[in-house]
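Visitor: Structure provided below as structure tokens; questions to follow.
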Amino acid sequence: MPFVIVSGLSGSGKSTVLRTLEDAGFFITDNLPPELWGTMHDLVRARGLTRVAVSTDARTRDFLASLESSYERLSRRREDLHVLFLEATAEVLLQRYNLSRREHPLGENLMLDFARERELLAPLRAIADTVIDTTHLSAPELSRRVMTLYRLEQDFTLRLLSFGFKHAPPRDADLVLDVRSLPNPYYDPELRPRSGRQPEVAAYVFQDAPSEAFYGELREFVRSAAERARASGRRGYTVAIGCTGGQHRSVAVTERLRGDLGDLHAEITEHRDMHEPEDL
Numbered sequence: 673m674p675f676v677i678v679s680g681l682s683g684s685g686k687s688t689v690l691r692t693l694e695d696a697g698f699f700i701t702d703n704l705p706p707e708l709w710g711t712m713h714d715l716v717r718a719r720g721l722t723r724v725a726v727s728t729d730a731r732t733r734d735f736l737a738s739l740e741s742s743y744e745r746l747s748r749r750r751e752d753l754h755v756l757f758l759e760a761t762a763e764v765l766l767q768r769y770n771l772s773r774r775e776h777p778l779g780e781n782l783m784l785d786f787a788r789e790r791e792l793l794a795p796l797r798a799i800a801d802t803v804i805d806t807t808h809l810s811a812p813e814l815s816r817r818v819m820t821l822y823r824l825e826q827d828f829t830l831r832l833l834s835f836g837f838k839h840a841p842p843r844d845a846d847l848v849l850d851v852r853s854l855p856n857p858y859y860d861p862e863l864r865p866r867s868g869r870q871p872e873v874a875a876y877v878f879q880d881a882p883s884e885a886f887y888g889e890l891r892e893f894v895r896s897a898a899e900r901a902r903a904s905g906r907r908g909y910t911v912a913i914g915c916t917g918g919q920h921r922s923v924a925v926t927e928r929l930r931g932d933l934g935d936l937h938a939e940i941t942e943h944r945d946m947h948e949p950e951d952l
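Its first residue numbered 673, the sequence shown is counted upward by one per residue in my numbering.
Rendered as structure tokens:
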């Protein structure tokens, strides 16, 4: 896995690239002067880290005089050294700055700053293995380009949790679904003290064709929502399934979803309001 040096014009997408690499397991150091590239290499190697990326750009302008010598020294020690440079047209950079309202590192007139920055970073662009023009790329598109470039696979997890509406829905879920229309085991005295994790309770919840049809529609909706989240670059998506008390129906549905959506790495984070029979 390469030691990646990320550089480029301010507003061209370096933050997106660094976040993408970090999400893929890279150790990230932002705004690192070239003279410290070798030191960082030694530190991460001593700790057994194989995925490393650093960024160097106009913010380190006072240290760029050592760029060529620092690169030559590091390239002799790392055959997998890779320099990625990002750029975009001045017009697009101006639009992005107007949206973010950030100040340019060179801090004078933006259009003049872009021109000065191109000249300042020309030596970095000259040694780049890959140059990406982000003028017409969205952040998700740039992220996917980087994932492809380094042959990375971004892990995705579908997080499931059950809860009871009478205890209030969770505030940190991406999607909250209501399964209170399913048959309720609470009204069966033998099933009331049990939980939706037990087969006989689940059988009661999914006892007829309408219940199976409802579950099938819910499952496909969760799949679609999670797949869209993954396609947008998200690493995880949280779905909360609620019934009245959080003991039977929501638990049974959540458990079944985990099995049916295994290809999305579905995992149950908690059954928030469930009590196992021995606890009652």
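The beta carbon of each residue, even a glycine, is placed where N, CA and C say it ideally should be. All figures in this text were calculated on a predicted structure; none of them were measured in a lab.
Measuring alpha carbon to alpha carbon, tell me which of Thr802, Glu791, Glu763 ends up nearest Met783.
Guide: Met783 has its Cα closest to that of Glu763, out of Thr802, Glu791, Glu763.
Visitor: If you run the structure through DSSP and keep just helix, strand and coil, what is Leu854?
Guide: Coil, per DSSP.
Visitor: By how many angstroms is the C-alpha of Ala730 removed from the C-alpha of Leu890?
Guide: Whole-angstrom Cα-Cα distance: 50 angstroms.
Visitor: Check whether the Cβ atoms of Gly680 and Arg768 lie closer than 8 angstroms to each other.
Guide: Against a cut-off of 8 angstroms, the Cβ pair of Arg768 and Gly680 comes out as no contact.
Visitor: Does Ser679 come out as helix, strand or coil in the three-state DSSP assignment?
Guide: Three-state result, Ser679: strand.
Visitor: When the Cα atoms are used, what is the spatial distance from Val925 to Ala811?
Guide: Between Val925 and Ala811, the C-alpha separation is close to 35 angstroms.
Visitor: Checking 8 angstroms against the spacing of the C-beta atoms, do Arg944 and Pro861 come in under that value?
Guide: No, these two residues do not count as a Cβ contact at 8 angstroms.
Visitor: In chain order, which alpha helix (DSSP H) runs of at least 4 residues are fully inside the segment 902-944?
Guide: List check, alpha helix (DSSP H) in window: 921-932.
Visitor: By the three-class DSSP mapping on this structure, what secondary structure does Leu832 have?
Guide: Leu832: strand per DSSP, three-state reduction.
Visitor: Taking a contact to mean a Cβ-Cβ separation below 8 angstroms, would you say Val755 touches Ile799 in this structure?
Guide: Against a cut-off of 8 angstroms, the Cβ pair of Ile799 and Val755 comes out as a contact.
Visitor: Mapping the DSSP letters down to three states, classify Phe786 as helix, strand or coil.
Guide: Three-state DSSP puts Phe786 in a helix.
Visitor: Rounded C-beta distance between Glu835 and Gly914? I'm assuming under 8 angstroms.
Guide: According to the sequence as given, residue 835 is Phe; it is not Glu. So it is a contact: roughly 5 angstroms between Cβ atoms.
Visitor: Write down the C-beta distance between Val911 and Val894 rounded to the nearest angstrom, noting that I regard them as a contact closer than 8 angstroms.
Guide: Contact holds; Cβ gap of about 6 angstroms.
Visitor: Are there 16 or more other CB atoms within 10 angstroms of the CB of Val877, so buried, or fewer, so exposed?
Guide: The residue in question, Val877, is buried, as its Cβ has 16 or more Cβ neighbours within 10 Å.
Visitor: Report the start-end ranges of each alpha helix (DSSP H) in the segment 709-783 that is 4 residues or longer and not cut off at the edges.
Guide: For the segment 709-783, whole alpha helix (DSSP H) runs of length 4 or above, ordered along the chain, are 709-718, 739-749, 762-772.
Visitor: Have a look at Tyr745 and Lys686 and give me their C-alpha separation to the nearest angstrom.
Guide: Reading off the sequence shown, one finds Arg at residue 745, where the question assumed Tyr. If I take the Cα positions, the gap works out to 24 angstroms.
Visitor: Please report the distance separating the alpha-carbon of Pro857 from that of Val873.
Guide: C-alpha separation (whole angstroms): 6 angstroms.
Visitor: Ordered along the chain, which non-local residues of its own chain (more than five positions away) have a Cβ less than 7 angstroms from that of Asp702?
Guide: If we look at Asp702 and ignore the five residues flanking it on each side, its Cβ neighbours are Leu690, Ser727.
Visitor: Between Arg817 and Ile677, what straight-line distance do the alpha-carbon atoms span, to the nearest angstrom?
Guide: When rounded, the distance between both Cα atoms is 16 angstroms.
Visitor: Assign Gly803 to one of two classes, buried (16 or more other C-beta atoms within 10 Å of its C-beta) or exposed (fewer than that).
Guide: Checking the displayed sequence, the identity of residue 803 turns out to be Val instead of Gly. With fewer than 16 Cβ atoms within 10 Å of its Cβ, Val803 is classed as exposed.
Visitor: Could you have a look at Leu821 and say whether DSSP puts it in helix, strand or coil?
Guide: Helix, per DSSP.
Visitor: Quick one: using the 10 Å Cβ neighbour count with 16 as the cut-off for buried, is Asp785 buried or exposed?
Guide: Label assigned to Asp785: buried.
Visitor: Assuming Pro706 and Ser747 are in contact, meaning their beta carbons sit under 8 angstroms apart, how far apart are those beta carbons, in whole angstroms?
Guide: So it is not a contact: roughly 12 angstroms between Cβ atoms.
Visitor: What would DSSP say about Asp805, mapped onto helix, strand or coil?
Guide: Asp805: strand per DSSP, three-state reduction.
Visitor: If you draw a straight line from the C-alpha of Arg831 to the C-alpha of Gln870, how long is it?
Guide: Roughly 21 angstroms separates the two Cα atoms.
Visitor: In whole angstroms, what separates the C-alpha of Leu933 from that of Glu899?
Guide: Cα-Cα distance, rounded: 11 angstroms.
Visitor: Grab the span of the alpha helix (DSSP H) containing Tyr876 for me, first residue to last.
Guide: Counting along the chain, the alpha helix (DSSP H) containing Tyr876 begins and ends at 871-877.
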